[in-house]
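Residue numbers (our numbering), protein chains in the order written: chain A, 6 to 481; chain B, 212 to 673.
The beta carbon of each residue, even a glycine, is placed where N, CA and C say it ideally should be.
Below is one structure, written out as structure tokens, with a few remarks after it.
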Amino acid sequence: MAGAWETVIGLETHVQLRTVSKMFCGCSAAFGAPPNTNVCPVCLGLPGALPVPNEHALQLAVRAALGLGCTVHPRSVFARKNYFYPDLPKGYQISQFEQPLATAGSLSYLSPDRGIATATIQRLHVEEDAGKSLHDRFPKQTAIDLNRCGVPLIEIVTGPDFRSPHEARTYLLTLKQVLEYAAISDCDMEKGSLRVDANVSVRRVGETMLGTKTEVKNINSFAYVEKALTVERDRQIAVLEGGGTLAPQTMLYDSKTNGVRPQRSKEESHDYRYFPDPDLPPLVLTEQFIAEQQTLLPELPAKKRERFVEKYALSVTDAAVLTADRNVADYYEAVVHAGADAKTAANWVMTEVLADAKDHADGLRVAAGALANLIGLVRGGTLSHQAAKRVFAEVAERGGEPRNVAEALGLVQVADTGVLSGWVSDVLGAHTSEVMRYKQGETKLLQFFVGQVMKASRGKADPKLAQRVLEEKLAP
Amino acid sequence: MSDPSEALASAKAAADRIVNVKRLNACLTPIKELRKSLAAQASTAHPSGVLYGMPVAVKDNICTLEFTTSCGSKILEGYRSPYDATAAAKLKAAGALIAGKTNCDEFGMGSSTEHSAYGRTLHPFDKTRVPGGSSGGSAALVAAGAVPAALGSETGGSVRQPASLCGVVGIKPTYGRVSRYGLVAFGSSLDQIGVLGRSVHDAARVLSVISGRDPKDSTCEDRDSLRLPNVPESLQGFVIGVPKEYFPQDLDAAVRRACDRAIRLLRELGAAVREVSLPHTAYAVATYYIIAPAEASSNLARYDGARYGPRFNGSEDVRALYRTTRGDGFGPEVRRRVLVGTYVLSSGYYDAYYRKAQQMRALIAQDFRNVFDRGVDLLFTPTTPTPAFKAGEKLNDPVAMYLSDIFTVTANLAGLPAISVPIGRIKGLPIGGQLIGQAFLEDEMLEAAYALERAVPAAEEA
């Protein structure tokens with residue numbers, strides 16, 4: 006019975022820093038170049054070549070650490086992680102081990118089960134990426150692409166803090182949001198700029214000791230995070246309920262079959278023989294450098310969300326939607342600053358604006374000022390809400406000032422009782438049986454009549470005024 | 212010299228001299244290729260350079276666009292570097308000519324140049340003996356008069372030890388004085404490019420050219436290049452320490468006599484000489500033989516046959532490729548050190564060996580600081596415990612071989628500059644004396660070396 010089990014998950018996330026060049030050489034860090042073209046003696050690990058740290062990468066790493074509330078250490082040490090693999094040209098990866106860049110941070114996220122929950126960030130360190138082995142490019146041969154070699158990464162390690170695959174996924178999305186906000190990373194799992202490995206274990210509810218954990222690897226899309234962890238969680242529970250025991254091993258997720266398989270022991274890492282990299286002096290960061298990175302951090306999503314709730318009297322859920330993306334949040338605030346009512350602006354942004362953006366490559370096609378004007382037209386009674394939606398679509402598609410567009414489309418609301426009376430009379434004349442039923446007490450038909458008037462007016466009638474005229478005419 | 216025809220003549224003469232000492236197996240570059248390249252270099256060398264037309268041989272573990280860079284190893288046989296080491300680039304920019312690549316112990320691991328995949332180098336005065344190592348090819352070429360200076364490299368004494376055994380000058384600068392970019396790494400925290408020269412002046416002027424900051428090496432100090440001192444009239448005002456640990460009871464009597472004579476001459480030059488103590492000296496060789504192999508095991512991991520260098524038979528899968536390439540490509544001494552290094556870094560052993568060795572290294576460096584803080588400017592010691600030994604004598608006794616670096620490894624562990632100057636002969640074989648200086652005070656060390664070189668009858672029996 007699954008209910009008797011508690012899932013415990015910790016995540017190790019590798020994030021590619023958004024730099025022009027690689028971590029220890031001047032080669033381009035761009036994705037998608039022809040194989041083995043963004044390389045030099047340093048990232049190829051040619052005899053005699055030496056690494057020199059990329060200052061921009063260090064700035065971004067420190068910003069990430071500060072954004073996650075970590076303690077940034079003024080002195081950290083690059084270490085070599087030694088292992089043999091053909092796409093690792095030096096036979097070691099430059100990373101950090103005993104003395105990482107930052108420790109002891111946290112990230113709050115909205116747990117689907119527990120409300121606001123906090124994940125502890127145990128450590129954040131800087132490292133270089135390895136190359137790529139392509140096993141399916143040539144028959145019976147492995148091709149190596151070393152373009153990715155030396156691309157700057159940070160690894161962010163959480164405690165065993167997540168209690169469900171869904172929570173783990175929510176944390177990951179929250180982390181992605183923070184890193185995107187601060188322009189630290191593109192966080193594109195498909196391009197490999199965000200990769201995640203998970204430590205998964207289960208235990209009986211109430212148990213305080215951790216169960217035997219496995220490491221799930223090869224989760225290469227956000228869509229698979231929850232699936233992969235659920236599959237592994239269920240596998241572990243099945244083994245334990247069947248009276249078996251779990252081996253602490255690495256499991257590879259296969260998205261095609263939605264299954265996991267143990268990594269062959271040959272592929273397992275044994276002993277990385279970490280030691281301080283003698284080619285790189287300890288990384289010493291001045292107080293001033295760290296303080297400067299702090300000032301370069303933008304307001305992060307959690308802070309912004311709180312502020313939106315406070316300042317614009319929005320619900321937490323609405324604020325979360327509006328702050329999910331930094332551009333959207335900035336856009337929303339611009340609409341409000343241009344004079345729109347905060348609540349109405351929120352509704353517009355969350356519905357029309359986001360829907361339009363979704364269909365148009367995240368583009369915010371209607372300028373904030375134009376949307377504020379459009380909202381003003383509805384508020385002033387010039388446009389019905391329905392008509393305003395049509396104007397919005399028109400402005401999005403072809404541009405223009407909302408009032409001009411509304412007029413050109415003939416959508417300006419008719420608030421003239423004389424004209425309205427004509428439409429009302431037509432509607433009542435055409436629906437005599439409904440009029441009878443209304444008069445016999447079926448008053449909810451009023452909305453039907455309003456709808457018919459709107460239809461007759463092709464949306465131009467002011468619905469409130471139409472209702473008043475209808476009530477007068479239907480009065481006994 | 213500033214005339215292209217003189218540079219061409221110099222190039223040709225150097226090639227002729229190198230051909231004349233071919234029997235030493237000191238130069239690995241095929242003679243035809245060497246002649247052609249030297250002529251080409253001479254015709255394009257910049258005439259205003261301070262080393263214009265000077266032929267400088269380069270140890271085979273320093274990357275050059277000219278010639279192969281094989282590090283004395285089968286695993287890099289025929290390897291051509293696509294770039295110049297910073298030191299080589301600086302030499303060329305100063306108008307010097309790269310006069311071939313010199314034989315060495317494989318990846319600098321050895322003290323006799325017997326551990327080269329390309330055969331041993333002979334001692335220029337006695338073919339039954341070794342020239343020392345690992346920069347034995349460079350030392351032998353200079354000693355034989357083929358080139359006025361050559362680049363070598365040190366991890367534990369690989370410039371000074373062969374300089375002592377061959378009767379030439381060998382300088383190891385302060386760690387961080389010369390860029391390591393393009394020096395094929397052995398023990399990165401100990402490695403420095405050094406210079407072997409006919410005289411202190413020849414070695415020093417080459418050192419001056421190759422020294423100075425390099426944005427490509429994070430461990431290279433942000434300093435201007437070394438300025439050469441004048442030859443001093445006397446050593447008045449110098450305080451020279453003689454560490455008692457470097458003169459043990461069982462020190463070779465002739466070596467002791469040679470050192471005593473040198474010390475007397477230093478006194479006569481006006482230096483104040485005092486006995487000092489460096490109490491952790493006894494642990495230096497053990498410390499060195501943990502740290503250097505540990506770093507080497509990682510530095511040499513890249514030679515796996517996957518990307519460059521020869522592949523040795525059997526590559527049915529990648530593990531087999533590694534096994535055969537590294538098993539057949541590395542010689543026995545390299546394999547020994549890779550195994551030792553892998554062991555001392557392994558989890559469960561790291562604290563007992565590597566971490567402890569780092570602590571001892573700090574104590575050894577502190578020993579030197581303590582002495583220098585008490586007003587001592589320089590230290591004088593023997594460079595090697597004996598003159599050149601017989602080929603094969605220590606080949607099967609690694610510890611005996613390691614002990615030939617006993618007086619030189621400390622300067623590498625402490626990162627200090629040191630120089631070996633010939634101080635006499637023992638039964639016809641040269642022997643060197645060592646001056647160890649303070650970090651980045653090569654100029655003081657060179658002043659004393661100039662004076663000692665001038666005063667000492669280096670060609671006479673001690």
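Next item on the list: Write down every uninterrupted run of the alpha helix (DSSP H) in the stretch 489-515 of chain B whose length is 4 residues or greater and which is fully enclosed by it, in chain order.
Entry: 495-510
Next item on the list: Return the residue from the list A:277, A:216, A:230 and A:359 that minimises the CA-CA distance to residue 250 of chain A.
Entry: A:216
Notebook entry, point to check: Which whole-angstrom value is the C-beta distance of residue 84 of chain A and residue 24 of chain A, which I expect to be below 8 Å?
Noted result: With 8 Å as the limit, residue 84 of chain A and residue 24 of chain A do not qualify as a contact, their Cβ atoms being about 21 Å apart.
Check: DSSP three-state call for residue 403 of chain A: helix, strand or coil?
Finding: helix
Margin query: Applying the 10 Å Cβ sphere with the 16-neighbour rule, what's the burial state of residue 121 of chain A?
Written below: exposed
Next item on the list: Could you check which residue in B:281, B:275 and B:369 has the C-alpha nearest to that of residue 296 of chain B?
Entry: B:275
Item checked: Residues near residue 163 of chain B in its chain [Cβ-Cβ closer than 8 Å; skip 5 each side] -> Nothing about residue 163 of chain B can be reported from this structure: the residues present for chain B run from 212 to 673 only.
Check: Along chain B, in chain order, which residues have C-beta atoms closer than 7 Å to that of residue 89 of chain A?
Finding: 512, 515 and 533
Notebook entry, point to check: Does the Cβ of residue 254 of chain B lie closer than 6 Å to at least one heavy atom of the ligand ADP?
Noted result: Although the ligand ADP was asked about, the structure shown includes no ligands whatsoever.
Notebook entry, point to check: What does residue 95 of chain A touch in chain B if you count any residue whose Cβ is under 8 Å from its own?
Noted result: 512 and 513
Check: Is residue 280 of chain A close to chain B, meaning its C-beta is less than 7 Å from at least one C-beta of that chain?
Finding: yes
Notebook entry, point to check: Mind checking whether residue 267 of chain A and residue 400 of chain B have CB atoms under 7 Å apart?
Noted result: Remark: C-beta atoms of residue 267 of chain A and residue 400 of chain B do not approach each other more closely than 7 Å.
Note to self: I'd like to check one pair, residue 456 of chain B with residue 387 of chain B: are the Cβ atoms closer than 7 Å?
What the structure shows: no
Next item on the list: Consider the Cβ of residue 321 of chain A: report whether some Cβ of chain B lies at a distance smaller than 7 Å.
Entry: Judged by the 7 Å Cβ criterion, residue 321 of chain A is not in contact with chain B.
Next item on the list: Determine the direct distance from the alpha carbon of residue 134 of chain A to that of residue 158 of chain A, and round the result to whole angstroms.
Entry: 6 Å
Item checked: From B:284, B:223 and B:654, residue whose alpha carbon lies closest to that of residue 265 of chain B -> B:223
Check: Comparing the C-beta of residue 284 of chain A with each C-beta of chain B, is any distance below 7 Å?
Finding: yes
Next item on the list: Measure the alpha-carbon distance for residue 179 of chain A versus residue 299 of chain A and round it to whole angstroms.
Entry: Pairing residue 179 of chain A with residue 299 of chain A, the inter-Cα distance amounts to about 20 Å.
Item checked: Completely contained beta strand (DSSP E) runs for the stretch 28-60 of chain A, where each covers 3 or more residues -> Counting only runs of 3 or more, we get nothing.
Note to self: When you compare the CB positions of residue 630 of chain B and residue 404 of chain B, do they come within less than 7 Å of one another, or not?
What the structure shows: no
Checklist line | Burial state of residue 542 of chain B (16 or more Cβ within 10 Å) | finding: Classified as buried, residue 542 of chain B has 16 or more neighbouring CB atoms from the shown chains inside 10 Å of its CB.
Next item on the list: Look at the Cβ atom of residue 621 of chain B, then the Cβ atom of residue 463 of chain B, and state whether they are nearer than 7 Å.
Entry: no
Next item on the list: Go ahead and pull the three-state DSSP assignment for residue 425 of chain B.
Entry: coil
Item checked: Residues near residue 229 of chain A in its chain [Cβ-Cβ closer than 6 Å; skip 5 each side] -> Correct list, in chain order: 260.
Check: Between the stretch 293-304 of chain B and chain A, which residues of the former have a C-beta closer than 7 Å to a C-beta of the latter?
Finding: Result list: 293, 294 and 296.
Item checked: Where residue 247 of chain A meets chain B, residues with beta-carbon distance less than 7 Å -> In chain order: nothing, as chain B lies at least about 34 Å away.
Margin query: Just to check my reading of the structure: residue 428 of chain B and residue 390 of chain B have Cβ atoms closer than 8 Å, yes? What is that Cβ distance to the nearest angstrom?
Written below: 4 Å
Item checked: First and last residue of the uninterrupted beta strand (DSSP E) at residue 644 of chain B -> Run containing residue 644 of chain B: 640-647, per the beta strand (DSSP E) assignment.
Notebook entry, point to check: Is residue 445 of chain B helix, strand or coil when you go by DSSP?
Noted result: coil
Next item on the list: Assuming residue 551 of chain B and residue 487 of chain B form a contact by the criterion Cβ under 8 Å, report the distance between their Cβ atoms to the nearest whole angstrom.
Entry: Contact doesn't hold; Cβ gap of about 32 Å is too wide.
Checklist line | 7 Å Cβ cut-off: residues of chain B touching residue 139 of chain A | finding: Neighbours of residue 139 of chain A on chain B: none; closest Cβ ~14 Å, over 7 Å.
Notebook entry, point to check: With a cut-off of 7 Å, does the C-beta of residue 272 of chain A fall near any C-beta of chain B?
Noted result: The pLDDT assigned to residue 272 of chain A is 48, lower than 50, so where the model puts this residue is not dependable; a value taken from the coordinates is nonetheless given after this. Answer no: the Cβ-Cβ gap between residue 272 of chain A and chain B never drops below 7 Å.
Checklist line | Opposing strand residues paired with residue 256 of chain A [DSSP bridges] | finding: Per DSSP, A:221 and A:267.
Notebook entry, point to check: Per DSSP, residue 167 of chain A is paired with what?
Noted result: A:14
Notebook entry, point to check: DSSP state of residue 630 of chain B, grouped into three classes?
Noted result: strand
Item checked: Pick from B:410, B:393 and B:409 that is closest to residue 402 of chain B, judged by C-alpha positions -> That would be B:393, whose Cα lies nearest to the Cα of residue 402 of chain B.
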